[in-house]
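Enquirer: This is the structure I want to talk about, given as structure tokens.
Protein chains: 2
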Amino acid sequence: MDTTAKFVLMDPPSAPGIPSATVLETWAQELRAECEELEVVVARTDAEVLEQLVDADAAYGVLPQGWHAPRLRWLQAPMANPPLGYFTPQIAEHPVVVTNMRGVYNDHIATHVMAFMLAFARGLPHYAHGQRNREYRRGVAPVLHLADSTVLFIGAGGVAHQAARYLQPWGPRVVAVDARPETTAGGAIGTVFDADALESQLPLADAVVMTVPHTPDTEGMLERRHFALMKPTAVFINIGRGQTVVLDDLVHALEAGELAGAGLDVFDQEPLPPDHRVWTLPNVLITPHVAMVGPDIDQRRYELIADNCRRLLAGEPLQFVVTDKILGF
Amino acid sequence: MDTTAKFVLMDPPSAPGIPSATVLETWAQELRAECEELEVVVARTDAEVLEQLVDADAAYGVLPQGWHAPRLRWLQAPMANPPLGYFTPQIAEHPVVVTNMRGVYNDHIATHVMAFMLAFARGLPHYAHGQRNREYRRGVAPVLHLADSTVLFIGAGGVAHQAARYLQPWGPRVVAVDARPETTAGGAIGTVFDADALESQLPLADAVVMTVPHTPDTEGMLERRHFALMKPTAVFINIGRGQTVVLDDLVHALEAGELAGAGLDVFDQEPLPPDHRVWTLPNVLITPHVAMVGPDIDQRRYELIADNCRRLLAGEPLQFVVTDKILGF
Numbered sequence: 002m003d004t005t006a007k008f009v010l011m012d013p014p015s016a017p018g019i020p021s022a023t024v025l026e027t028w029a030q031e032l033r034a035e036c037e038e039l040e041v042v043v044a045r046t047d048a049e050v051l052e053q054l055v056d057a058d059a060a061y062g063v064l065p066q067g068w069h070a071p072r073l074r075w076l077q078a079p080m081a082n083p084p085l086g087y088f089t090p091q092i093a094e095h096p097v098v099v100t101n102m103r104g105v106y107n108d109h110i111a112t113h114v115m116a117f118m119l120a121f122a123r124g125l126p127h128y129a130h131g132q133r134n135r136e137y138r139r140g141v142a143p144v145l146h147l148a149d150s151t152v153l154f155i156g157a158g159g160v161a162h163q164a165a166r167y168l169q170p171w172g173p174r175v176v177a178v179d180a181r182p183e184t185t186a187g188g189a190i191g192t193v194f195d196a197d198a199l200e201s202q203l204p205l206a207d208a209v210v211m212t213v214p215h216t217p218d219t220e221g222m223l224e225r226r227h228f229a230l231m232k233p234t235a236v237f238i239n240i241g242r243g244q245t246v247v248l249d250d251l252v253h254a255l256e257a258g259e260l261a262g263a264g265l266d267v268f269d270q271e272p273l274p275p276d277h278r279v280w281t282l283p284n285v286l287i288t289p290h291v292a293m294v295g296p297d298i299d300q301r302r303y304e305l306i307a308d309n310c311r312r313l314l315a316g317e318p319l320q321f322v323v324t325d326k327i328l329g330f
Numbered sequence: 002m003d004t005t006a007k008f009v010l011m012d013p014p015s016a017p018g019i020p021s022a023t024v025l026e027t028w029a030q031e032l033r034a035e036c037e038e039l040e041v042v043v044a045r046t047d048a049e050v051l052e053q054l055v056d057a058d059a060a061y062g063v064l065p066q067g068w069h070a071p072r073l074r075w076l077q078a079p080m081a082n083p084p085l086g087y088f089t090p091q092i093a094e095h096p097v098v099v100t101n102m103r104g105v106y107n108d109h110i111a112t113h114v115m116a117f118m119l120a121f122a123r124g125l126p127h128y129a130h131g132q133r134n135r136e137y138r139r140g141v142a143p144v145l146h147l148a149d150s151t152v153l154f155i156g157a158g159g160v161a162h163q164a165a166r167y168l169q170p171w172g173p174r175v176v177a178v179d180a181r182p183e184t185t186a187g188g189a190i191g192t193v194f195d196a197d198a199l200e201s202q203l204p205l206a207d208a209v210v211m212t213v214p215h216t217p218d219t220e221g222m223l224e225r226r227h228f229a230l231m232k233p234t235a236v237f238i239n240i241g242r243g244q245t246v247v248l249d250d251l252v253h254a255l256e257a258g259e260l261a262g263a264g265l266d267v268f269d270q271e272p273l274p275p276d277h278r279v280w281t282l283p284n285v286l287i288t289p290h291v292a293m294v295g296p297d298i299d300q301r302r303y304e305l306i307a308d309n310c311r312r313l314l315a316g317e318p319l320q321f322v323v324t325d326k327i328l329g330f
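If you're matching them up, the sequences are chains A and B in order.
So the first sequence is residues 2 to 330, counted in this note's numbering.
So the second sequence is residues 2 to 330, counted in this note's numbering.
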């Protein structure tokens, strides 16, 4: 049987949470078995990728410099939120539809948010300090009582909505600010305000959770004045992209007691340099960009890709389309 | 107006989570305002307590040695689960009805359980080690994916049920073993097995949460063979009483890799001695018996006491009665 579309799996550069070449080979075999009309190619080097793209209908991965793919109709990004550099002017100008992996990791990332939030809610960083010194002492660990708290999500996407669902049994007030409140409101988030409301909402929140992707608009969007607006008892969590927060300003705010603690999975520089002051703050929990890690994540990525392959072949709309190829989401 | 009952607030010995004398004085004032028929006395020394008890109808606190209270109808214990020594033979033989504070801290304790469980679910103890060494490294932190997990509660009381409610949005399989399955089944716990099922359930659980009180039956009930039955990937949490677990056996099991980690708020010796090996294990989270701590706990205690005062005066059944004054729950 003739194939009707060619799909190139581009062996991508090593990056956080991106599957290895071995995984790509397995995916290719499964896709060939599942979609007989699809020609599936794994391309390992930039030269191979460039050659295979020339007559490709679809591709998964990161496009190399100098690509030329006049027939390309679909590009599947390997990340939930591709970084700013992913969306080159060439992609923006090309008619190709770009999809991302949003949704695939929402439960893991939202669970990571909850792990940070509950650790602070129950004073675990405080007691960890006692544990290191073998000191059985209660002290006065701050307790965040979620039932009486307001949780503010900056960005009301899938992660925020999933975390809000996890929060429901505790019964906090859950609100968000978002650039597109009309399309993101609903579900377990009580109210989604327009992005303009950020500065008026920050002083009301007991926990602030940053979930926005890195775009030209969000780069460095949280800086000193924002942290100064937060309650001194508030906890800040960044689970989105490090580049959206001026980390030195956050460190200053934590040292000045302008907020009570921070749980950080992403940083404006990754890996976070060993001499950065943020490592040494007692009221910070640091994880190395692992919020998306989970046991069955490669299988989920495969299912998302296979579903979009079926949609491509059937002429149906693709899932998880990036609607603005300049902003990147 | 004449009072119809005398209530003695006994200034109790300092103990974890027990309110101070100042709080008792506030409670006494509020009770006098709320229940005009009640004579409310705060007794500060053992001598004062003994003297006041002679014609008391009700008392809050810990009875001193040598008490004599022929009219005592109600004793309110100041703890959720009074320790084994609280229930003396004299209390067991006396017709007094004993009530405890169960339920008052359920949300805080269950949130502490969730903080421990999610910390292990997302590898926070693993990354905390990296943080101390300023190492931004992913390694292979174990991830407990709750949606695919079984959570086993030992003891299906209020804390277990509340934690099971918090767990619901993640969708794990939740089961329990309990000495009284017929009265504790239901709610968010799918199945409550008889206590005999413990050894058959332990090998199936990804997280084991110990919530049972300290009684002659539960003392040292978890020992080496129980930990050996757990999955090597399982997490153990003790949020009940330290005396129910042979801590040295747990340490052995953790060192031998028989289970993946432990979150411990209670210990067979408190304060936990500084030279105990458990302090130094990398896969253990230690908090100093603080799971019940929360911002409004004294107010909740007061409301429980005031409610029972109203019931006493109205001749209605008291709340949170200890049904077995020998076993103590």
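Virtual Cβ for every residue (Gly too), placed ideally from N, Cα, C.
Since the model is a prediction, treat every value here as computed from it, not as a measurement.
A:VAL41 and A:LEU25 - do their beta-carbons sit closer together than 7 Å?
Expert: As a first step, residue 25 of chain A is located in the first sequence; it is residue number 24 there, counting from the start. As a first step, residue 41 of chain A is located in the first sequence; it is residue number 40 there, counting from the start. Cβ atoms of A:LEU25 and A:VAL41: not closer than 7 Å.
Enquirer: With a 10 Å radius around its C-beta and 16 neighbouring C-beta atoms as the bar for buried, classify B:GLN77 as buried or exposed.
Expert: As a position in the second sequence, residue 77 of chain B is number 76, starting the count at 1. The residue is buried, with at least 16 neighbouring Cβ atoms inside 10 Å.
Enquirer: In chain B, what lies closer than 8 Å to A:THR112 by C-beta?
Expert: Here residue 112 of chain A corresponds to residue number 111 of the first sequence, with the count starting at 1. Those are LEU119, ALA122, ARG123, LEU147, TRP171, listed as they occur along chain B.
Enquirer: According to the Cβ coordinates, are A:ASP269 and A:ALA235 closer than 7 Å?
Expert: Mapped onto the first sequence, residue 269 of chain A falls at position 268. Mapped onto the first sequence, residue 235 of chain A falls at position 234. No. Outside cutoff.
Enquirer: Specify the secondary structure class of A:ALA261 as computed by DSSP and reduced to three states.
Expert: Sequence index remark: in the first sequence, residue 261 of chain A carries index 260 (1-based). A:ALA261: coil per DSSP, three-state reduction.
Enquirer: Evaluate A:GLN163 with the Cβ neighbour count: other Cβ atoms within 10 Å of its Cβ, from every protein chain shown; 16 or more gives buried, anything less gives exposed.
Expert: The sequence position of residue 163 of chain A within the first sequence is 162, counting from 1. That one is buried.
Enquirer: Express the C-alpha separation of A:TYR106 and A:MET2 in angstroms, rounding to a whole number.
Expert: As a first step, residue 2 of chain A must be located in the first sequence, where it is residue number 1. As a first step, residue 106 of chain A must be located in the first sequence, where it is residue number 105. For A:MET2, the predicted model reports a pLDDT of 46, less than 50, meaning its position is unreliable and no value from the coordinates is stated.
Enquirer: I'd like to know whether the C-beta of A:SER15 is nearer than 7 Å to at least one C-beta of chain B.
Expert: Mapped onto the first sequence, residue 15 of chain A falls at position 14. Confidence at A:SER15 is low in this model, with a pLDDT of 49, below 50, so its placement is unreliable and the value that follows should be read with caution. False, the Cβ-Cβ gap to chain B never drops below 7 Å.
Enquirer: Would a C-beta distance cut-off of 7 Å place A:GLY329 and A:PHE154 closer than the cut-off?
Expert: In the first sequence, counting from the first residue as 1, residue 329 of chain A sits at position 328. In the first sequence, counting from the first residue as 1, residue 154 of chain A sits at position 153. It is not a contact, given that the beta carbons lie outside the stated cut-off.
Enquirer: Which word fits B:SER201, buried or exposed, when buried means at least 16 other C-beta atoms lie within 10 angstroms of its C-beta?
Expert: Your numbering for residue 201 of chain B matches position 200 in the second sequence. The residue is exposed, with fewer than 16 neighbouring Cβ atoms inside 10 Å.
Enquirer: Under a Cβ-count criterion, where at least 16 other Cβ atoms within 10 Å of its own Cβ denotes burial, should B:ASP195 be classed as buried or exposed?
Expert: By one-based count along the second sequence, residue 195 of chain B stands at place 194. So B:ASP195 ends up on the exposed side.
Enquirer: The alpha helix (DSSP H) that contains A:LEU168, what's its start and end?
Expert: Mapped onto the first sequence, residue 168 of chain A falls at position 167. 159-168 is the extent of the alpha helix (DSSP H) around A:LEU168.
Enquirer: Would you say B:ILE306 reaches chain A, if we count a Cβ-Cβ gap shorter than 7 Å as a contact?
Expert: In the second sequence, residue 306 of chain B corresponds to position 305, counting from 1. No - not a single Cβ of chain A is within 7 Å of the one on B:ILE306.
Enquirer: Give every residue of the same chain whose Cβ lies closer than 6 Å to the Cβ of A:ALA292, excluding the five residues on either side of it in the sequence, and list them in chain order.
Expert: To locate residue 292 of chain A, count along the first sequence from 1; it is residue 291. Excluding positions up to five away in sequence, the list reads ILE110, HIS113, ILE240, ASP266.
Enquirer: For a minimum of 4 consecutive residues, which ranges assigned as the alpha helix (DSSP H) are wholly contained in the region 196-267 of chain B?
Expert: DSSP runs (the alpha helix (DSSP H)) wholly in the region 196-267 of chain B: 199-202, 225-230, 248-256.
Enquirer: Around the C-beta of B:VAL210, are 16 or more other C-beta atoms found within 10 angstroms, so that it is buried, or is it exposed?
Expert: Against the second sequence, residue 210 of chain B aligns to sequence position 209. Classification of B:VAL210: buried, given that the 10 Å Cβ count is 16 or more.
Enquirer: Counting beta carbon pairs with one atom in the region 305-321 of chain B and one in the region 53-70 of chain B, are three or more of them shorter than 8 Å?
Expert: Short answer: they touch.
Enquirer: B:GLY104 touches chain E at which residues, Cβ-Cβ below 9 Å?
Expert: Protein chains in the displayed structure are A and B, and chain E is not among them.
Enquirer: Please report the straight-line C-alpha distance between A:PRO214 and A:THR245, rounded to a whole angstrom.
Expert: In the first sequence, the residue the question calls residue 214 of chain A occupies position 213. In the first sequence, the residue the question calls residue 245 of chain A occupies position 244. Between A:PRO214 and A:THR245, the C-alpha separation is close to 8 Å.
Enquirer: Taking 7 Å as the CB-CB cut-off, is A:ARG301 touching chain B?
Expert: Counted from its first residue, the first sequence places residue 301 of chain A at position 300. Not an interface residue.
Enquirer: Using the C-alpha atoms, what's the distance from A:ARG226 back to B:GLY159?
Expert: Looking up residue 159 of chain B in the second sequence gives position 158. Looking up residue 226 of chain A in the first sequence gives position 225. So the alpha carbons of these two residues sit roughly 44 Å apart.
Enquirer: Is A:ARG45 buried or exposed, if buried means 16 or more other CB atoms sit within 10 Å of its CB?
Expert: Position 44 of the first sequence, counted from the first residue, corresponds to residue 45 of chain A. With fewer than 16 other Cβ atoms within 10 Å, it is exposed.
Enquirer: Threshold first: 4 residues or longer. Then list the alpha helix (DSSP H) segments lying entirely within the region 3-65 of chain A, N to C.
Expert: Fully enclosed alpha helix (DSSP H) runs of 4 or longer: 22-35, 47-54.
Enquirer: Determine, for B:ILE287, whether the minimum Cβ-Cβ distance to residues of chain A falls below 7 Å.
Expert: Walking along the second sequence from the start, residue 287 of chain B turns up at place 286. Judged by the 7 Å Cβ criterion, B:ILE287 is in contact with chain A.
Enquirer: Going straight from the alpha carbon of A:ALA6 to that of A:GLU38, what length do you get?
Expert: Locating residue 6 of chain A in the first sequence gives position 5, where the first residue counts as 1. Locating residue 38 of chain A in the first sequence gives position 37, where the first residue counts as 1. Spanning the two alpha carbons is a distance of roughly 7 Å.
Enquirer: B:GLN270 bridges to which residues according to DSSP?
Expert: Sequence index remark: in the second sequence, residue 270 of chain B carries index 269 (1-based). DSSP lists no partner for B:GLN270.
Enquirer: If you reduce the DSSP assignment to three classes, tell me which class B:GLY131 lands in.
Expert: Counting from 1 along the second sequence, the entry for residue 131 of chain B is found at position 130. B:GLY131: helix per DSSP, three-state reduction.
Enquirer: Per DSSP, B:THR100 forms a beta bridge with which residues?
Expert: Translated into the one-based positions of the second sequence, residue 100 of chain B becomes position 99. DSSP lists B:GLN77, B:VAL322 as partners of B:THR100.
Enquirer: Closer than 8 Å, Cβ to Cβ, to anything on chain B: give me those residues from the region 142-167 of chain A, in chain order.
Expert: From the region 142-167 of chain A, only ALA142, VAL144, HIS146, LEU147, ALA148, ASP149, ARG166, TYR167 have a Cβ closer than 8 Å to chain B.
Enquirer: Please list the residues of the region 268-283 of chain B that have a C-beta atom closer than 9 Å to any C-beta atom in chain A, keeping them in chain order.
Expert: Cβ contacts with chain A: PHE268, GLU271, PRO272, LEU273, PRO274, PRO275, ASP276, HIS277, TRP280, THR281.
Enquirer: Identify whether B:ILE327 lies in helix, strand or coil by the three-state DSSP scheme.
Expert: Along the second sequence, one-based indexing puts residue 327 of chain B at 326. The answer is coil: DSSP assigns B:ILE327 none of H, G, I, E or B.
Enquirer: Which stretch, first to last residue, makes up the beta strand (DSSP E) that contains B:THR151?
Expert: Start at 1 with the first residue of the second sequence, and residue 151 of chain B comes out as number 150. Segment 151-155, the beta strand (DSSP E) holding B:THR151.
Enquirer: What did DSSP end up calling B:GLY86 once you bin it into helix, strand or coil?
Expert: Translated into the one-based positions of the second sequence, residue 86 of chain B becomes position 85. In this structure, B:GLY86 counts as helix in the three-state DSSP scheme.
Enquirer: Does any C-beta atom of chain B lie closer than 7 Å to the C-beta of A:ALA206?
Expert: Working through the first sequence from its first residue, we reach residue 206 of chain A at position 205. So, not an interface residue.
Enquirer: Would you say B:MET80 reaches chain A, if we count a Cβ-Cβ gap shorter than 7 Å as a contact?
Expert: By 1-based counting over the second sequence, the position of residue 80 of chain B is 79. Chain A contact via Cβ: absent.
Enquirer: Using beta-carbon positions only, say whether A:TRP331 and A:LEU314 come within less than 7 Å of one another.
Expert: With chain A running from 2 to 330 in the structure shown, residue 331 of chain A is simply not present.
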